[in-house]
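Data block below; observations after.
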Amino acid sequence: MNAIGLGLDTTFDDTSVAILRGAREVLANLTLSQYRDHEEFGGVVPERASRKHLEVIHPLIREALAKAGLDFADLDYIAVSNMPGLLGSLLVGVTVAKALAWSLDKPLIGVNHVESHPYANILASGPWKFPVLHLVVAGGHTLLLRADAHFDYTILGRTMDDAAG
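Under my numbering, the first residue of the sequence shown is numbered -8, with each subsequent residue one higher.
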């Protein structure tokens, strides 16, 4: 199946938009970093992050569609990171994704940002040979996962107080 999907990620301070065809073909992958917007504060200010997502997400979606040579009507589904993350930032991405899915009458897929990290490896290294052990070190979250098949995984451990990332 060569379904075309629009993926949105606004879990923290970066706004990311990707368009995929099938499981591995990346048609567009754009990220707007907010690093400079928060630099003077010594860290991310959640309210500023969510406001910046609001400013840039629609232009970034339009740019991704143009880069892929597609229109909204060409999309088969919308995917969005819906946890974990900064509440205000998550609300921007999830609200935009829900509105697009509803208005285009397309399926909406919620994605756990941290638990999806291992899947980026497939793009670089190809299919896995199960079982697979994954160590995810991402910002404020660290997980050790054992996958026996796609979407069949067990969380073996996670940090309880401070993440390695």
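Every residue gets a Cβ at the ideal spot worked out from N, C-alpha and C, and that includes glycine.
Residue i, buried or exposed, once every other Cβ within 10 Å from all chains shown has been counted against 16
i: A111; result: exposed
i: V114; result: Checking the sequence, you will find Leu at residue 114 rather than Val. By the neighbour-count rule (16 or more Cβ atoms within 10 Å), L114 is not buried but exposed.
i: H104; result: buried
i: L(-3); result: buried
i: A(-6); result: exposed
i: L(-1); result: buried
i: H49; result: exposed
For residue i, the three-state DSSP class (helix, strand or coil)
i: T133; result: strand
i: D153; result: coil
i: L61; result: coil
i: D4; result: coil
i: V87; result: helix
i: G148; result: strand
i: L66; result: coil
i: E16; result: strand
i: N73; result: strand
i: N(-7); result: coil
i: H125; result: strand
i: D28; result: helix
Straight-line Cα distance separating residue j from residue i
i: F63; j: G34; result: 35 Å
i: H141; j: R27; result: 37 Å
i: T133; j: Y144; result: 15 Å
i: E46; j: S80; result: 12 Å
i: D153; j: G131; result: 7 Å
i: V17; j: I10; result: 6 Å
i: L56; j: H29; result: 28 Å
i: D4; j: M(-8); result: 33 Å
i: H125; j: W93; result: 34 Å
i: G76; j: A40; result: 11 Å
i: V83; j: M74; result: 12 Å
Selected residue, minimal CA-CA separation from residue i, among the options
i: I68; options: S41, D96 and H49; result: According to the sequence provided, residue 68 is Tyr. The question's Ile does not apply to it. Out of S41, D96 and H49, D96 has the C-alpha closest to the C-alpha of Y68.
i: P118; options: L23, P37, I48 and R15; result: R15
i: K58; options: N20, P75, E38 and D65; result: N20
i: V128; options: V102, G13, E31 and E106; result: E106
i: L51; options: F32, P37 and S24; result: S24
Whole-number beta carbon distance between residue j and residue i, since they are thought to touch under 8 Å
i: T22; j: T6; result: 7 Å
i: V85; j: V71; result: 6 Å
Residue-chain proximity (residue i, chain C), Cβ-Cβ < 7 Å
i: A40; result: Among the protein chains of the structure shown there is no chain C, as only one such chain exists.
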